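S.K.: Numbering (full-length UniProt numbering), first residue to last: 1 to 728.
Glycine residues also receive a C-beta, built at the ideal position from the N, C-alpha and C atoms.
Owing to the predicted nature of the structure, the values given are computational and were not obtained by experimental measurement.
What follows is a structure written as C-alpha cells; I'll ask about it next.
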C-alpha cells in the first residue's frame with residue numbers, strides 16, 4: 001500500500017510554514033546567464049533557414065548563423081531587426097520591387113495571417129458551394145448538443161447532491177474532502193466504506209471483472225512454493241539438491257507467469273471503483289504474494305547471475321513501466337502541484353514524467369529537483385516565483401497588436417529558467433535526479449511530425465526552451481527555437497533552427513511515444529484542460545470514487561441520466577470528426593485546431609482536479625499564495641483516491657526494477673552483454689556462420705546490410721534497457 005508514514009513530509013498547504021518564501025531552496029537565485037539569453041535572442045531573430053552550401057551538421061555554422069543577428073534582450077516588445085542582406089538568387093535584385101498591397105498583407109507592423117493553401121483543400125464546385133452552409137448547419141447542431149449536454153450534467157449534479165448525498169453520508173463525505181494528509185483521508189474513507197457496507201464486498205472473492213478462480217488457485221500454489229524456498233534458504237543442508245532446485249524453478253515459473261500487465265484482470269480499474277479505499281481482499285493478497293515471490297527471486301542464491309538477469313529483463317518487458325503525464329491548461333496546470341505532492345509524500349512518484357504546455361513547467365520542476373528539494377518547494381510560497389503573467393495590459397496590449405502574441409519569449413525564458421535550474425539539458429536532469437523528463441513540442445509548419453524531447457531523443461536540448469516551445473499557443477506566444485548546449489557549454493539552435501509551438505494542439509498525452517522509448521504501458525494522467533475537464537464523466541464510478549447511490553452498484557444520475565450523457569458526448573465526438581475529415585473548419589491564427597478535441601486525453605489512471613468557475617476568468621493570471629494553497633489541496637484530494645491502486649502497481653514494478661539493477665552489477669553499460677544473454681549471443685554467432693557460408697558468393701553489400709541491421713537492433717534494445725544513474 002501507499003507509504004502512510006511519509007504522508008506529511010512537507011508542510012501542508014494551509015500551514016503557516018508553507019507561506020514563508022525564505023524556506024524555499026534557491027528562491028532568490030537567478031540561474032539563467034546573460035550569454036544564454038543572448039544566444040536565444042539571436043536564434044529568435046535569425047531568418048528562416050534557406051538552401052545553402054553550408055554544412056548543416058557543423059555546430060560552428062549553426063552558432064555563426066545564430067550570432068549574425070543582434071537584439072536587445074531586455075526589450076522584448078521591440079521588433080528585432082536582422083542584419084541579413086540576401087537575394088533570392090544570383091540574378092535577382094537584393095531589394096526587389098515593391099508590390100502593391102493586397103488584403104491580408106502586413107498592416108502597421110502586424111504579422112500577415114497564414115491562410116490555407118489551395119493544395120490543402122479539396123477542389124470542386126459542390127465543395128465551394130456547400131462548405132459554409134454545411135459548416136453552419138453542423139456548427140448549430142454541435143452547439144445544440146453541447147447545450148443539451150450541459151443541461152444533462154446539471155440534472156445529474158442536482159440528483160446526486162439532493163437525493164444521493166443526505167444525512168450521515170454527506171457528513172462523512174465532507175470529512176473526507178477536508179482531509180489534508182493521506183493518512184487522514186484513508187481513515188475517513190474507511191469510515192465511509194464501513195457505513196455504506198463496502199467491507200462485505202471486499203470479503204467476497206467473486207467479481208465479474210477479474211478471474212477470481214484463477215487468482216485463488218495461483219495464490220495458493222505460489223504461497224506453497226515460496227514457503228518451501230524460504231525453508232530451503234534458511235539452511236536445510238540435508239535436503240536433496242534436485243528438490244531444492246525444483247522449488248525455485250516452480251516459483252520462478254509462477255512469478256513470471258503472473259508478472260504481466262493486468263494478469264487475469266487483477267489490475268482492472270473496476271476492482272478499485274466499488275469502494276473508497278482498497279479492493280477485494282483476494283486481489284490484495286495476490287499482489288502482496290507476487291511481491292514476496294519477486295523478492296525471493298531477487299535474493300536467492302539458487303539462481304545464477306545470468307539466469308536472474310534474463311528473468312528480470314523479461315519480466316520488465318512484460319510488466320512495463322509507469323509514467324506520470326501532466327496535461328496543458330494554462331493556469332489550470334497549477335493543480336498539478338497538488339497531484340505531484342500527493343504522489344511524492346506517499347513515495348509513489350514515477351521516474352518517467354511527461355508534460356505539455358503548462359504541465360511541462362511543472363514536469364520540469366519535478367525532474368530537475370530531488371525529493372527533498374521538492375518537499376520544500378511544493379508549498380503556497382512557490383506562488384512568488386510564478387510570475388509569467390505579471391505584465392499589465394498597457395504592456396502586453398501593444399505587443400499583441402504588433403507581434404500577434406501576448407507574451408514575449410525572452411521574458412518567459414528568464415522566468416522559466418528558475419523552474420529548470422538554468423540551462424539544464426535533459427541529460428543533465430536525468431543524471432541529477434534519475435527522473436526521465438519528456439516534453440511534447442509541435443513544429444510550426446504543418447508537415448513535420450511532433451517530437452517528444454527527452455534525454456534519448458534530444459539529450460543536449462535545453463529544458464527551458466522545450467518548455468517555452470510546448471507552451472507557445474498561437475496568439476499567446478509566438479513559435480520559438482529550441483536551444484541545445486554544445487560541447488563548449490554555449491547555446492546554439494537545435495534542429496537547424498526550426499521553430500516549435502504548443503504540444504497540446506496535437507499530442508497532449510504522448511502515450512505512444514512513451515511506450516516506444518521507455519516501455520510505458522501504465523499511465524497516470526493529471527488532466528486539467530478546461531475544454532476537456534467539462535466533459536469528463538464516469539457513469540459507473542472511478543478508482544476510489546464509487547457511485548453515490550445504490551451502494552455503488554447503480555448509475556450516476558440513474559440509468560437514464562447516464563445514458564443521455566453517453567449518447568450526447570458520443571454524438572458530439574462524431575460531428576467534430578465530420579468537421580475535421582471534410583476540412584470544413586476555418587483556421588484562426590493560421591492554426592488547425594481540430595485536434596484539441598479529438599486526441600487522447602486520458603490514461604490508465606486519470607486524475608481530474610475539480611476546478612472552480614472563477615478559474616476560467618483567471619486562466620492567464622498568476623496565482624496568489626492563497627489561491628495556490630487551494631490548488632495544492634484540491635490536487636492532493638483528487639490524487640488520494642488513486643494512491644492505493646497505484647501503490648499495488650508500483651510495488652511489483654519497483655521490485656522487478658530492483659532485480660534488474662542488482663543483476664547488472666559488473667556488466668558494462670551499453671555492452672553486448674548488457675543487452676543479450678550468453679545463449680542468445682552464441683545462437684546469433686551460429687546463425688551468422690551459417691548465413692556467411694550460404695551467401696559467400698553473393699554481393700558483399702548484403703553482408704554489410706545484415707551487420708548494420710544487427711547494430712540497429714542492438715541500439716533499439718538499448719533504448720528499452722534503462723538503468724538508474726547510480727548504475728551508469
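1) Have a look at 184, 504, 272 and flag the residue whose alpha-carbon is nearest the alpha-carbon of residue 542.
2) Is it buried or exposed for residue 163, if we count other Cβ within 10 angstroms and need 16 for buried?
3) In the DSSP assignment, find the unbroken beta strand (DSSP E) run with residue 438 in it and report its ends.
4) By Cβ distance, which residues of its chain are closer than 7 Å to residue 426, with the 5 residues on each side in sequence left out?
5) Here's the rule: buried if 16 or more other CB atoms are within 10 angstroms of the residue's CB, otherwise exposed. What is residue 150?
6) Taking residue 274 and residue 198 to be in contact with their CB atoms under 8 Å, please state how far apart those CB atoms are, rounded to whole angstroms.
7) What is the rounded straight-line gap between the Cα of residue 298 and the Cα of residue 265?
8) Hey, is the region 324-336 in contact with the region 517-530, meaning 3+ C-beta pairs nearer than 8 Å?
9) Measure from the alpha carbon of residue 649 to the alpha carbon of each residue in 332, 252, 248, 349, then state which is nearest.
10) Measure the alpha-carbon distance for residue 21 versus residue 312 and round it to whole angstroms.
11) Please report the straight-line C-alpha distance between residue 251 and residue 245, rounded to a whole angstrom.
12) Using the Cβ count rule (16 or more neighbours within 10 Å means buried), how would you classify residue 372?
13) Measure the C-alpha to C-alpha separation of residue 249 and residue 509 and round it to an integer number of angstroms.
14) Pull up the distance between the alpha-carbon of residue 587 and that of residue 381, whole angstroms please.
15) Quick check on the DSSP output: what are the complete alpha helix (DSSP H) runs of length 4 or more inside the region 474-547, in order along the chain?
16) Could you have a look at residue 321 and say whether DSSP puts it in helix, strand or coil?
17) Using C-beta distances below 8 Å, list every residue in its chain close to residue 177, excluding the 5 sequence neighbours before and after it, in chain order.
18) So if DSSP puts residue 462 in a beta bridge, which residue, or which two residues, is it bridged to?
19) Using only CA atoms, which one of 228, 210, 368, 378 lies nearest to residue 15?
20) What's the gap between the Cα of residue 18 and the Cα of residue 387?
21) Do you know how far the Cα of residue 47 is from the Cα of residue 433?
22) Which residue marks the beginning of the beta strand (DSSP E) containing residue 452, and which one marks its end?
23) Compare the beta carbon distance of residue 343 and residue 374 with 8 Å and say whether it is the shorter of the two.
24) Once DSSP output is grouped into helix, strand and coil, what is the label at residue 343?
25) What does DSSP give as the partner residues of residue 326 in its beta bridges?
26) Specify, as a first and last residue, the run of the beta strand (DSSP E) that residue 606 falls within.
27) Is it buried or exposed for residue 30, if we count other Cβ within 10 angstroms and need 16 for buried?
28) Check the C-beta distance from residue 129 over to residue 413 and give it rounded, since I have them as a contact under 8 Å.
29) Apart from the five residues just before and just after residue 333, which ones in its own chain have a Cβ nearer than 8 Å to its Cβ?
30) So, under 8 Å CB-CB, residue 444 and residue 499 are touching, yes? Tell me the CB distance rounded to an integer number of Å.
31) Measure the C-alpha to C-alpha separation of residue 555 and residue 562 and round it to an integer number of angstroms.
32) Whole alpha helix (DSSP H) runs in the region 176-240 with 4 or more residues, listed along the chain?
33) Residue range of the alpha helix (DSSP H) that residue 144 falls in?
34) Applying the criterion that 16 or more other CB atoms from any shown protein chain within 10 Å of the CB defines a buried residue, is residue 221 buried or exposed?
35) Figure out for me which residue from 283, 337, 276, 627 has the closest Cα to the Cα of residue 185.
36) Helix, strand or coil for residue 313 per DSSP?
M.R.: Taking the geometry as given:
1) Out of 184, 504, 272, 272 has the C-alpha closest to the C-alpha of residue 542.
2) It counts as exposed.
3) Per DSSP, residue 438 belongs to the beta strand (DSSP E) from 436-443.
4) If we look at residue 426 and ignore the five residues flanking it on each side, its Cβ neighbours are 437, 453, 454, 455, 458, 459, 461, 463.
5) Exposed, by the Cβ-count rule.
6) About 7 Å separates the two Cβ atoms, so the contact holds.
7) Whole-angstrom Cα-Cα distance: 25 Å.
8) Under the 8 Å Cβ criterion, the region 324-336 counts as touching the region 517-530, having at least three qualifying pairs.
9) Minimum Cα-Cα distance from residue 649 among the listed residues 332, 252, 248, 349 corresponds to 349.
10) One C-alpha to the other measures close to 45 Å.
11) About 10 Å.
12) For residue 372, the number of other beta carbons within 10 angstroms of its own is below 16, and it is reported as exposed.
13) Distance between the alpha carbons of residue 249 and residue 509 is about 41 Å.
14) One C-alpha to the other measures close to 40 Å.
15) List check, alpha helix (DSSP H) in window: 511-518, 530-533.
16) Looking at residue 321 - three-state DSSP - the assignment turns out to be strand.
17) Sequence-distant Cβ neighbours of residue 177 in its own chain, meaning closer than 8 Å and more than five residues away, are 637.
18) Residue pairing by DSSP puts residue 462 in a beta bridge opposite 425.
19) Per the Cα distances, 378.
20) Computed Cα separation, rounded: 18 Å.
21) Using only the alpha carbons, I get a separation of about 37 Å.
22) Start and end: 451-453.
23) Annotated as distal: residue 343 and residue 374, with beta-carbon spacing of 8 Å or more.
24) Three-state result, residue 343: helix.
25) Note: residue 326 sits in a beta bridge opposite 355, 526.
26) Residue 606: member of the beta strand (DSSP E) spanning 605-607, first to last residue.
27) With a 10 Å radius around the Cβ and a threshold of 16 neighbouring Cβ atoms, residue 30 comes out exposed.
28) Rounded to the nearest angstrom, the Cβ distance from residue 129 to residue 413 is 48 Å, too far for a contact under 8 Å.
29) Answer for residue 333: 326, 327, 357, 358, 359, 361, 362, 528, listed in chain order.
30) At roughly 4 Å, the Cβ-Cβ gap stays under 8 Å, so residue 444 and residue 499 are in contact.
31) Computed Cα separation, rounded: 6 Å.
32) If we require 4 residues or more, the alpha helix (DSSP H) runs fully inside the region 176-240 come out as 182-196, 198-203, 212-233.
33) Start and end: 125-159.
34) So residue 221 counts as exposed.
35) The shortest CA-to-CA distance from residue 185 to any of 283, 337, 276, 627 is the one to 276.
36) In the structure shown, residue 313 sits in a helix (DSSP, three-state: H, G or I).
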